[in-house]
Amino acid sequence: MNSKNGKIINTFIFFAAVFFLCFGLFSILNLRHDRSRSGKGDEHWFKGNLHVHTNRADGDSSPQEVINWYLDHGYDFLAITDHDLRFTKQGFRRKWARRILILSGEEITIGERAEQSIHMGAVHTQYAVPADLGKPDKKRLEYFRQQLLAQGSAPAALEASVRGFKILSQLKALIPEIEGQGAIAILNHPAMSLGFPLFMQLEELPPFIELWNPHESKLYANGQQPPDTEIMWDAALSTGKKIYAVTGDDAHHFKKTKNSPPGGVWLWIKAHKLSPEALIAALKRGDSYVSTGIVLKRVEWEKSQKQIVVEVDAKPGRSYSIRFIGKEGAVLQQTDASQAVYPVKGDELYVRVKVIDNTGLKACAQPFFISREAGSAPAQ
Ligand SMILES: [Zn+2]
Ligand SMILES: [Zn+2]
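Residue numbering for the sequence shown follows the numbering used here, beginning at 618 and increasing consecutively.
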C-alpha cells in the first residue's frame, strides 16, 4: 500500500468514525423517547414529576443537581416546587431546555406555618402567587373568636372551625388566582394537609389532588398512618366533584440522607407535544395517569362502542389485574389480564381504571365522568 492510498483510507476511516459517532449520539438522544407510547394520532406519553424540593428551601441539593438527577433517569418534564418560593428555568443553564421541560412551580403554604398547614402545588404559574392572598383579617378573626368563646363555644371545636374558615378563605382566593394564570392547583398530600373530614366538607377543592406521595405517612400527624387518599378521592368523586389525581415524589434528599429520595412514583401525560401549554391542557382533559412502575399503552373511551379500553405494556413474568372502579370505590369489573374492555352502562357517575401487578406495582388513570343526560357519554 503506498502512502497516498494509506492517507485516503485513513481519511475514510476518520470520516466513517465521525459519522458513526454522530449517528450513535443521535440514537442515544432519541432513545429517551422510545418509551413514550404513542397515543392517538401524533400524541405521546411523557413522564414527569410535579413535586420536588431543592436547597433553596429544605432540600439537600441545588436546582442543577436535582434537574440532573431527573435528566439521568429519563424524565421528560419536571416542576421544582420549593416552599413559597417560585422556581423558573430562567437564569439556569440553558442546556436543559432541549432535554427536559422545566415547568415553573412552587408549593404554597396555606394557614400558619406553626400549625398543621396545607400545601398546594402551583405549576406553570406566570408569576409568584401573593403570599397573603385570601388570608382573613387577623383582628376581625380574633374578635369573632373572643365573642364565640364568651358565648360558651367549646375551645377545641372553635379552633377547628377557625382553622376551617381560614383555609376556606385562602382556597377560595388561591384557586382562581392560580387558574387565572393558566396554571394548575394541586392539593398536595391531602391526608396530611386537610385530613378526611375537612377534605369532604370543603366545597372549594383544587381540581387536582396528589394521589400518591411516598412520604405522606412521615408527614401525617402523631406518627399515625394517614387515610388512604384513594378512598378520599372516591368519596369526593361520589359527591359529583370533578377531581383528577396527579402524583409527585416530593423528594428532598438526593445525597446521603435518604429520608425522602426521588423516584418511586410517576405522572404520565398524553399530549401532542412537550410544551407547558400542551401538558397543562392534557392534564385538564384527564389525559394522564399516575404510576409506581406500570406503563399503560392505552386507556381510552371508545365513543362508537361506548366502552373504555385499557392495554398495559406487559412485562415478561408479570401478571396484571385491571379494575374498573365506580361510585364509592365499588369495583364494577375486574379483568385479570393485560388488556380489558369495560362497556359503559350509563348510570355510573364515573368510572376510573386501576391496574396492579403481581409485584405490587400500581397505576391509576383519571376518571371518565359519565353523563346521565347523554345516556353513556363519558366526558373527561
Ligand atoms: Zn408539602
Ligand atoms: Zn413538598
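Where is the CB? At the ideal position from N, CA and C, for every residue including glycine. These numbers were taken from a predicted model, which means no experiment stands behind them.
Exercise. Thr909 by DSSP, collapsed to three states: which one?
Worked result: It is coil, neither helix nor strand.
For this session: May I ask you to report which of helix, strand or coil DSSP gives Tyr687?
Result: Tyr687 falls in the helix class under three-state DSSP.
For this session: Check whether the Cβ of Glu723 sits closer than 7 Å to any heavy atom of ligand 1, and report yes or no.
Result: Using a cutoff of 7 Å, the CB of Glu723 does not count as near ligand 1, since none of the ligand's heavy atoms is closer than that.
Problem set entry | Heavy atom of ligand 1 within 7 Å of His889 beta-carbon | Every heavy atom of ligand 1 is 7 Å or more from the Cβ of His889, so no.
Problem set entry | Buried or exposed by the 16-neighbour rule on C-beta atoms within 10 Å, applied to Thr976 | Classification for Thr976: exposed.
Exercise. What is the rounded straight-line gap between the Cα of Asn666 and the Cα of Pro747?
Worked result: Between Asn666 and Pro747, the alpha-carbon positions lie close to 24 Å from each other.
Exercise. Quick one: does the C-beta of His661 sit closer than 7 Å to a heavy atom of ligand 2?
Worked result: Checking every heavy atom of ligand 2 against the Cβ of His661, none is found closer than 7 Å.
Exercise. Does any heavy atom of ligand 1 sit closer than 7 Å to the C-beta of Asn805?
Worked result: True, at least one ligand heavy atom lies under 7 Å from that Cβ.
Problem set entry | Distance, Tyr861 Cα to Leu824 Cα | Leu is not the amino acid found at residue 824; the sequence shown has Pro there. C-alpha separation (whole angstroms): 6 Å.
Exercise. Going by the C-beta, is His869 closer than 7 Å to any heavy atom of ligand 1?
Worked result: Between ligand 1 and His869, a heavy atom-to-CB distance of less than 7 Å is absent.
Problem set entry | Close Cβ partners of Leu758 (< 8 Å) along its chain, the five nearest in sequence each way excluded | Result list for Leu758: Val779, Phe782 and Lys783, in chain order.
For this session: Taking Ser827 as the reference, give the member of His668, Phe816, Asp845 and Asn805 with the closest Cα.
Result: Strictly speaking, residue 827 in this sequence is Glu, with Ser absent from that position. For the residues His668, Phe816, Asp845 and Asn805, the minimum Cα distance to Glu827 belongs to Asn805.
Problem set entry | Touching by the beta-carbon criterion (3+ pairs, under 8 Å), the region 920 to 937 and the region 672 to 690 | With a cut-off of 8 Å, the region 672 to 690 and the region 920 to 937 do not count as touching, because too few Cβ pairs lie within range.
For this session: Starting from Leu788, follow the beta strand (DSSP E) in both directions and report where the run begins and ends.
Result: It is not in any beta strand (DSSP E) - Leu788 instead sits in the alpha helix (DSSP H) that spans Pro772 to Gly797.
Problem set entry | Exposed unless 16 or more other CB atoms sit within 10 angstroms - verdict on Tyr687 | Buried, since its Cβ has 16 or more Cβ neighbours within 10 Å.
For this session: Name the two residues that bound the continuous alpha helix (DSSP H) containing Gln763.
Result: Annotation: the continuous alpha helix (DSSP H) that includes Gln763 extends over Lys755 to Ala767.
For this session: Can you give me the start and stop residues for the alpha helix (DSSP H) that Glu847 sits inside?
Result: That run of the alpha helix (DSSP H) goes Thr846 to Ser855.
For this session: Kindly indicate which three-state DSSP category Pro960 falls into: helix, strand or coil?
Result: Pro960 sits in a strand when the DSSP states are folded into three classes.
Exercise. To which residues of the same chain is His741 closer than 7 Å at the C-beta, ignoring the five residues directly before and after it?
Worked result: Once the five neighbours on either side are set aside, the close Cβ partners of His741 are Leu720, Ser721, Gly799, Ala800, Ile801, Pro893 and Ile897.
Problem set entry | Residues sharing a beta bridge with Asp930, DSSP | Listed as beta-bridge partners of Asp930 by DSSP are no residues whatsoever.
For this session: Please report the residue range of the alpha helix (DSSP H) in which Phe816 lies.
Result: Looking at the DSSP string, the run of the alpha helix (DSSP H) that includes Phe816 is Gly812 to Gln818.
Problem set entry | Alpha carbon of Ala868 to alpha carbon of Leu766, nearest angstrom | Distance between the alpha carbons of Ala868 and Leu766 is about 42 Å.
Exercise. By how many angstroms is the C-alpha of Ile942 removed from the C-alpha of Lys756?
Worked result: Computed Cα separation, rounded: 47 Å.
For this session: Ignore the nearest five residues each way along the sequence and tell me which others in Gln983's own chain have a CB closer than 8 Å to its CB.
Result: For Gln983, where only same-chain residues beyond five positions count, the Cβ hits under 8 Å are Tyr861, Ala862, Gly903, Asp904, Ser905, Tyr906, Arg969 and Gln997.
For this session: Kindly list the residues whose CB is nearer than 7 Å to the CB of Ala790, restricted to its own chain and excluding five residues on each side of it in sequence; keep chain order.
Result: Closer than 7 Å at Cβ, skipping near neighbours: Leu750 and Gly751.
Exercise. Of all Cβ atoms in chain D, is any one closer than 8 Å to the Cβ of Ser770?
Worked result: The structure shown contains no chain D; it is built from a single protein chain.
Exercise. Is Thr846 near ligand 2, judged by its Cβ being under 7 Å from some heavy atom?
Worked result: Residue side-chain check: Thr846 keeps its Cβ at 7 Å or more from all non-hydrogen atoms of ligand 2.
Exercise. Distance, Cα to Cα, Leu785 vs Gly728?
Worked result: In a straight line, the C-alpha of Leu785 is about 10 Å away from that of Gly728.
For this session: Within 10 angstroms of the Cβ of His832, are there 16 or more other Cβ atoms? Answer buried if so, exposed if not.
Result: With 16 or more Cβ atoms within 10 Å of its Cβ, His832 is classed as buried.
For this session: State the Cα-Cα distance for the pair Thr705 and Cys981, rounded to the nearest angstrom.
Result: Rounded to whole angstroms, Thr705 to Cys981 spans 29 Å at the Cα level.
Problem set entry | Near ligand 2: Thr698 beta-carbon under 7 Å from a heavy atom | For ligand 2, at least one heavy atom lies less than 7 Å from the Cβ of Thr698.
Problem set entry | Strand pairing of Asp699, partner residues [DSSP] | In the DSSP output, where bridge partners are listed per residue, Asp699 has Leu702.
Problem set entry | Straight-line Cα distance separating Ile795 from Glu776 | Cα to Cα, the separation comes out at about 28 Å.
For this session: Tell me, to the nearest whole angstrom, how far the beta carbon of Met817 is from that of Ala852; I am working on the premise that it is less than 8 Å.
Result: Confirmed, Cβ separation roughly 6 Å.
For this session: Would you mind working out which of Glu928, Ala954 and Lys887 sits nearest Gly934, comparing C-alpha positions?
Result: With distances taken between CA atoms, Gly934 lies nearest to Ala954 out of Glu928, Ala954 and Lys887.
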